[in-house]
Structures are given as structure tokens and as C-alpha cells.
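J.: The structure's right below; bear with me while I get my questions together.
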């Protein structure tokens with residue numbers, strides 16, 4: 005039998021993928037290539053009413069609920085992190101699935117294997133679904149408690165059932181059971197005051213960091229909730245930044261003409277003031293550009309060739 009790539013590591017021991025043994029002759033060894041996604045998306049009203057399933061994990065009640073076509077169709081008892089911060093909160097995607105995953109020299113399907121019968125890997129912070137996942141267990145008595153080191157444990161019969169119901173690409177929303185307070189609509193801009201501030205998927209310090217922003221960067225403000233600002237990221241997606249590392253204000257560059265400095269590691273200069281505008285060139289952090297005007301959230305610049313172009317203000321100071 006041809007060997008396959010090894011299955012995912014067990015979060016509980018923080019085992020790296022390269023320490024795992026291949027499945028060899030133990031059971032079926034089908035490795036489904038993970039699709040890589042940028043960031044996590046929150047299920048929308050359209051997603052909730054579509055025919056595609058999505059998964060909700062409530063850490064407070066240790067319940068996993070499968071939703072489809074606007075209703076809950078199945079609910080399972082699970083185990084989540086021993087402490088509040090271990091199981092990440094936010095909305096993620098299933099990017100890889102394994103049957104009888106192996107773990108640290110223990111072949112899949114053996115009684116001592118802590119991953120049980122299935123692995124449903126979710127992408128967190130850009131990984132490939134090998135760190136956090138929904139999996140079976142060889143400790144069924146832990147189900148219904150806070151017992152894991154980050155993953156979501158299920159009884160083996162339940163994880164097999166779930167595995168058969170959800171495809172790769174399924175959204176997984178994990179939360180702490182509390183209803184998020186309503187976001188109040190706001191406008192203007194938020195300026196980062198910390199050397200480097202975390203932008204998170206939800207207004208919570210345990211939510212996934214989706215991006216980081218440097219001191220002086222300006223973000224478009226779209227709302228407030230508690231001690232958080234809801235802001236628009238460079239590519240238009242929503243994120244949250246805490247008020248302790250930012251302040252409201254700084255709605256434009258003053259003046260719009262003069263020198264501006266790139267703060268992103270690599271920034272696109274576009275032909276038109278739009279994220280779909282043609283990329284004329286890319287510049288690195290620290291590059292100084294000559295600003296000649298402003299259009300919306302875009303700074304008009306003049307290239308060394310004399311051509312006019314645009315760069316987003318969120319990656320400038």
C-alpha cells in the first residue's frame with residue numbers, strides 16, 4: 005500500500021505534524037488536500053438559510069449544533085478547552101478531513117489513540133487544519149466537560165456521523181455562549197496608538213487575530229460595541245480593535261499632499277482607487293511616496309515615471 009502524508013497532530017500534546025507516523029497499513033489512508041482560505045467569515049443570513057450546513061460550538065454548554073436550511077438539525081455533546089482561552093472563538097472553515105487519524109506513532113483506530121475515529125480540521129490563523137479540529141476521543145467520560153487543550157472532542161459515533169454530514173468548506177462558529185451586544189453604527193476613522201495592535205474576528209480578547217496594524221495606521225470606523233471599535237480592513241472585511249490600543253479620530257491625511265510612508269510589509273499601488281484596480285507595482289514597508297491628493301479612502305500618488313496611481317490610506321502614515 006502506498007504511504008500517505010500523516011494525519012493531523014493532537015492539539016492536547018501540541019505535537020507537530022512531522023512527528024506523526026504515516027498510517028502505513030492501518031486502515032484507509034485517504035488524505036484530502038486542504039484548501040487555503042484568507043481569514044474567517046461570519047455566517048450571514050444568506051448562509052444560514054442556504055442548503056449548506058454550518059456548525060455552531062457553544063463552549064459554555066459544551067454543545068455542538070449542526071445547522072442547515074435555517075434550522076438546527078442535529079445537536080451533540082462535546083468537550084472543549086480546560087480554560088476559556090484554549091478553544092479559539094470566531095468563525096472558521098473546515099479545510100481537511102481524516103479517517104482514523106494517527107497520532108505520534110500510534111496508528112489510527114487503536115484504543116490508545118486520543119484522536120478517535122475522525123479528524124475534522126479547521127483553519128485558525130491561516131494554518132492548514134492540523135492544529136485545531138473536531139475529533140473523536142478515547143476518553144468518552146470527558147464529553148460534556150471542559151477537558152481539552154483546544155480541540156473539540158466528540159464521542160466516536162458522533163464524530164463519524166458529523167464527518168459524513170459536512171464537507172470541506174463548512175463554516176464552524178465557536179463562541180462562549182454569551183449573546184454579543186448590539187453593534188452601534190458609527191463612522192469616521194480609528195487611529196492605532198499601540199506599536200502593533202491586534203485586529204480580531206469578534207469583539208473579544210479570546211477571538212482570533214485576523215490581522216495586525218501598526219502605530220499611526222488609520223482604519224475606517226463602521227461601529228462600536230462595548231470597548232471595541234468595529235473597523236473595515238484593507239480588503240473590505242470587518243474586524244474589531246480594542247479602544248486601549250486605538251483612538252477615534254484622524255479621518256484623513258493632513259495635508260493630502262506631501263510625503264507618505266508605507267507601513268505594510270508589502271503594499272499594492274493601483275491604477276484606480278479600488279481594490280479591484282490593476283496593480284501597477286508593489287512597494288515594501290518604509291517606502292516613501294509623493295501624495296498628490298485624496299479620493300475616499302485612497303491616496304493619490306505620483307510615481308517616478310510621472311504616472312498617477314493610488315494606494316489605500318490604511319497602510320500609510
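In this note's numbering, the protein residues as written are 5 to 321.
Built from N, CA and C at the ideal position, the CB exists for glycine as well.
Nothing here was measured: the structure is a model prediction, and the numbers come from that model.
1. Using three-state DSSP, classify residue 319 as helix, strand or coil.
2. Inspect the CB distances between the stretch 234–254 and the stretch 283–300 and report whether three or more fall short of 8 Å.
3. Give the DSSP-derived three-state secondary structure of residue 163 in the structure shown.
4. Between which two residues does the beta strand (DSSP E) carrying residue 103 extend?
5. Checking 8 Å against the spacing of the C-beta atoms, do residue 95 and residue 176 come in under that value?
6. What does the alpha-carbon distance come out to for the pair residue 154 and residue 277?
7. For the beta strand (DSSP E) that residue 67 lies in, which residues bound it at each end?
8. Check this for me: beta carbons of residue 122 and residue 80, under 8 Å apart or not?
9. Considering only DSSP beta bridges, list what residue 304 is partnered with.
10. Which value, in whole angstroms, describes the spacing of the CA atoms of residue 158 and residue 229?
11. So, for residue 202: in the same chain, excluding its five sequence neighbours on each side, which residues have a beta-carbon less than 7 Å away from its beta-carbon?
12. For residue 319, tell me which candidate among 221, 239 and 64 has the shortest Cα-Cα distance.
13. Using three-state DSSP, classify residue 170 as helix, strand or coil.
14. The ligand MG and residue 304: does the residue's C-beta get closer than 7 Å to at least one heavy atom of that ligand?
15. Closest by CA to residue 144, which one among 134, 133, 135 and 160?
16. Out of 135, 289 and 61, point me to the one whose CA is closest to residue 84's CA.
17. With three or more beta-carbon pairs closer than 8 Å as the criterion, would you say the stretch 86–101 touches the stretch 129–139?
18. Checking the sheet assignment: what are the DSSP bridge partners for residue 228?
19. Could you please give me the residues that DSSP links to residue 78 through a beta bridge?
20. Measure the C-alpha to C-alpha separation of residue 140 and residue 125 and round it to an integer number of angstroms.
21. Does the Cβ of residue 239 have 16 or more other Cβ atoms within 10 Å, making it buried, or fewer, making it exposed?
22. In whole angstroms, what separates the C-alpha of residue 110 from that of residue 180?
T.: Reading it off the structure:
1. As a working mapping, residue 319 is identified with position 315 in the chain shown. Of the three classes helix, strand and coil, the one that applies to residue 319 here is helix, per DSSP.
2. Contact between the stretch 234–254 and the stretch 283–300 is absent: fewer than three C-beta pairs spanning the two stretches fall below 8 Å.
3. Residue 163 sits at position 159 when you count from the first residue of the chain shown. In the structure shown, residue 163 sits in a helix (DSSP, three-state: H, G or I).
4. On the chain shown, residue 103 is found 99 positions in, with the first residue counted as 1. Element bounds for residue 103: 94–103.
5. Along the chain shown, read from residue 1 onward, the residue named residue 95 stands at position 91. Along the chain shown, read from residue 1 onward, the residue named residue 176 stands at position 172. Result yes, Cβ atoms of residue 95 and residue 176 sit closer than 8 Å.
6. Position 150 of the chain shown, counted from the first residue, corresponds to residue 154. Position 273 of the chain shown, counted from the first residue, corresponds to residue 277. The straight-line gap from Cα to Cα measures roughly 42 Å.
7. Taking the chain shown and counting its residues from 1, one reaches residue 67 at position 63. Unbroken beta strand (DSSP E) run through residue 67: 67–72.
8. Translated into positions along the chain shown, residue 122 becomes position 118. Translated into positions along the chain shown, residue 80 becomes position 76. Remark: C-beta atoms of residue 122 and residue 80 do not approach each other more closely than 8 Å.
9. As a position in the chain shown, residue 304 is number 300, starting the count at 1. BP columns for residue 304 point to 297 and 314.
10. Taking the chain shown and counting its residues from 1, the one referred to as residue 158 is at position 154. Taking the chain shown and counting its residues from 1, the one referred to as residue 229 is at position 225. Using only the alpha carbons, I get a separation of about 34 Å.
11. Translated into positions along the chain shown, residue 202 becomes position 198. Closer than 7 Å at the Cβ level, and outside the excluded window around residue 202, lie 213 and 216.
12. Position 315 of the chain shown, counted from the first residue, corresponds to residue 319. Cα-wise, what sits closest to residue 319 is 221.
13. Numbered from 1 along the chain shown, position 166 holds the residue referred to as residue 170. Coil, per DSSP.
14. The ligand MG is absent from the structure shown, which contains no ligand whatsoever.
15. Here residue 144 is taken as the residue at index 140 of the chain shown, counted from 1. Selection 134, 133, 135 and 160 evaluated against residue 144 yields 160 as nearest (Cα-Cα).
16. Along the chain shown, one-based indexing puts residue 84 at 80. When the alpha-carbon of residue 84 is set against those of 135, 289 and 61, the nearest one is in 61.
17. Under the Cβ criterion (8 Å, minimum of three pairs), the stretch 86–101 counts as touching the stretch 129–139.
18. As a working note, residue 228 is residue 224 in the chain shown. Paired residues: 188 and 233.
19. Counting from one through the chain shown, the residue named residue 78 turns up at place 74. Answer is 70.
20. Translated into positions along the chain shown, residue 140 becomes position 136. Translated into positions along the chain shown, residue 125 becomes position 121. When only Cα atoms are considered, residue 140 and residue 125 end up about 12 Å apart.
21. Against the chain shown, residue 239 aligns to sequence position 235. Exposed, since its Cβ has fewer than 16 Cβ neighbours within 10 Å.
22. Locating residue 110 in the chain shown gives position 106, where the first residue counts as 1. Locating residue 180 in the chain shown gives position 176, where the first residue counts as 1. Pairing residue 110 with residue 180, the inter-Cα distance amounts to about 33 Å.
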